[in-house]
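Structure, as structure tokens:
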Amino acid sequence: MSSRDTHPDWVDEFGQVGPLPANDGQRQPLDAATPTGPEVGTRLPDFTLPSSTGRTVAFHEDRGHSMAAVVFFRSAVW
Amino acid sequence: MSQLVELQEATSRLAEAGIKLYAISYDELGALEDFAAHHGITYDLLSDAGSHVIREFGILNHHVTAEQVPFHGIPFPGTYLVDAEGNVAAKSFNAGLTQRIGADGLIDAALGEILLRPEEPSAGLTGDAGIEFSMAYHGGGGVIRSGALRTLVIRVDLPDGLHIYDQPVPDGMVATTFTLVAPEGMRHLPVEAPPTEPLELPGVGELRVWSGRVDFSMPVWATDEITSLVRDDAPEQVTIEVEVAYQACDDQACRLPRRERLALEVLVRRHVGPALDTMPGAEATGMDTNKWLGAMVARGLDAADDRDAAVAYLARTAASIADGPGGTRPDSSDASA
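Respectively, the protein sequence lines represent chains S and D. Following my numbering, the numbering of the first sequence begins with -12 at its first residue and continues without gaps. Following my numbering, the numbering of the second sequence begins with 161 at its first residue and continues without gaps.
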């Protein structure tokens, strides 16, 4: 087991450490001007995408009359 | 990635709450299948390779330029809660790119109230004049994970006739405030309080008060300082305390100001991260990260307008990561499959 000191350039303003310096584009923090997509109260735009479960999911048809959570995440790879 | 694993752990509770779960990224379908297989993910991980849906939603991360291969195409991370009619009921986009709403945040939003669970750490005490205080660490099965938003739920039960104050109060009186006392690396957002009632005091004016049962919420999250990504000797549990300052009054008189301290011991879970050998303390995903990174690089280079600039960025990034912050990972036998 070994560790070495973390260079401050790699720690962002929230205290998180990333594999790239904190000023790299993909680590820029969100600010008030950051777009957050469809507004509360509006219909979520429909989409059709292939799924890890082997299905093709047409969102509104697939959820039927159920509530749903749609999570946009960075990546399952890195 | 930790977020995806936590959501899997909560799939039955999400289903009970009537919430279907979908997660979208710009990853190749094969990468999502690989990740799902390694982590037992049963809900839909949807592949938006090419970022068409991400663009249509207007949440493409525009800080990442086209030549920043393979990172170009990621979204600003966020979650939408959709009601039964298909409309957006709530959404969560947090300032820190690594702050994430968890399953419990979604369930709370869907129900419109916070339901505490038995496994969540809690503590209580009796304060001044029989006022009962309790605190629970809510969300994620009651454990700390880097970046995952949790809620400290602080409940104050006031005996009949007593009230406590919201800010502002005149000089000489004490409003109710909450101070987080925790190791460096625990952060919090502003406390959310229920509505107050007006109280007219002769010669003072209108003050705002709470009475009866009052639930305050302090959203908290842990940074990598706590969860071991920056050091190997990270604690397995930490003590989180909240100091409550308050002054109880009835219609006739005020009692002396008091402070109470609620303390919890909370377990720290490891972060689930890519197997890039750059970060200590992370639990590797077990999937073939390099294979899928290679596919992303090839895809990104094909799509880049300025291929030379993209290649130069890749070279700089690779050197930067090799030089990078975490140093040597703990022995790989440390990472569970």
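Cβ atoms here follow ideal geometry from the backbone N, Cα and C, with glycine treated the same way.
Neighbour list for residue i in chain D, Cβ cutoff strictly below 7 Å
{"i": "E26(S)", "result": "V248"}
Cβ-based burial, residue i [other Cβ within 10 Å; buried from 16]
{"i": "H212(D)", "result": "exposed"}
{"i": "D384(D)", "result": "buried"}
{"i": "R373(D)", "result": "exposed"}
{"i": "P379(D)", "result": "buried"}
{"i": "S53(S)", "result": "exposed"}
{"i": "D(-4)(S)", "result": "exposed"}
{"i": "E396(D)", "result": "exposed"}
{"i": "Q412(D)", "result": "exposed"}
{"i": "G332(D)", "result": "exposed"}
{"i": "Q163(D)", "result": "buried"}
{"i": "P350(D)", "result": "exposed"}
Residue i vs residue j beta-carbon contact at 9 Å
{"i": "A263(D)", "j": "E166(D)", "result": "yes"}
{"i": "Y406(D)", "j": "T339(D)", "result": "no"}
{"i": "A270(D)", "j": "A177(D)", "result": "yes"}
{"i": "L312(D)", "j": "S377(D)", "result": "yes"}
{"i": "V402(D)", "j": "I386(D)", "result": "no"}
{"i": "N247(D)", "j": "F236(D)", "result": "no"}
{"i": "L181(D)", "j": "D208(D)", "result": "no"}
{"i": "S62(S)", "j": "Y186(D)", "result": "yes"}
{"i": "I155(D)", "j": "F59(S)", "result": "Since the first residue of chain D shown is 161 and the last is 497, residue 155(D) is not available in this structure."}
{"i": "R310(D)", "j": "G299(D)", "result": "yes"}
{"i": "G302(D)", "j": "V404(D)", "result": "no"}
{"i": "V227(D)", "j": "M456(D)", "result": "It should be noted that the sequence gives Glu, not Val, for residue 227(D). The answer is no: Cβ separation not under 9 Å."}
Range of the contiguous alpha helix (DSSP H) that encloses residue i
{"i": "F46(S)", "result": "F46 to R50"}
{"i": "F217(D)", "result": "H212 to F217"}
{"i": "G190(D)", "result": "L189 to H199"}
{"i": "G265(D)", "result": "A263 to L271"}
Residue i in three-state terms, based on DSSP
{"i": "W381(D)", "result": "strand"}
{"i": "G321(D)", "result": "coil"}
{"i": "R173(D)", "result": "helix"}
{"i": "A470(D)", "result": "helix"}
{"i": "S(-11)(S)", "result": "At S(-11)(S) the pLDDT is 32, less than 50, meaning the model places this residue with poor confidence; the figure from the coordinates comes in the next sentence. Three-state result, S(-11)(S): coil."}
{"i": "D375(D)", "result": "strand"}
{"i": "D204(D)", "result": "strand"}
{"i": "V313(D)", "result": "strand"}
{"i": "A479(D)", "result": "helix"}
{"i": "V224(D)", "result": "coil"}
{"i": "E360(D)", "result": "strand"}
{"i": "S252(D)", "result": "strand"}
{"i": "M54(S)", "result": "strand"}
Run of the beta strand (DSSP E) containing residue i, from where it starts to where it stops
{"i": "L422(D)", "result": "R418 to V428"}
{"i": "M456(D)", "result": "No beta strand (DSSP E) contains M456(D), which is instead part of the alpha helix (DSSP H) from T449 to A463."}
{"i": "I291(D)", "result": "Per DSSP, I291(D) belongs to no beta strand (DSSP E) and is neither H nor E."}
{"i": "H348(D)", "result": "M346 to H348"}
{"i": "Q134(D)", "result": "No statement about residue 134(D) is possible, as the shown extent of chain D runs from 161 to 497 and does not include it."}
Proximal residues of chain S, C-beta to C-beta of residue i below 8 Å
{"i": "T239(D)", "result": "A56, V57, V58 and F59"}
{"i": "T449(D)", "result": "V64 and W65"}
Cross-chain neighbours of residue i in chain S, by beta carbon under 7 Å
{"i": "P235(D)", "result": "F59"}
{"i": "E169(D)", "result": "Going along chain S, no residue has its Cβ under 7 Å from E169(D), so there is no contact; the nearest lies around 14 Å."}
{"i": "D465(D)", "result": "The contacting residues do not exist; D465(D) stays about 16 Å from chain S at best."}
Amino acids of chain S, ordered along the chain, whose beta-carbon sits closer than 9 Å to that of residue i
{"i": "M456(D)", "result": "S62, V64 and W65"}
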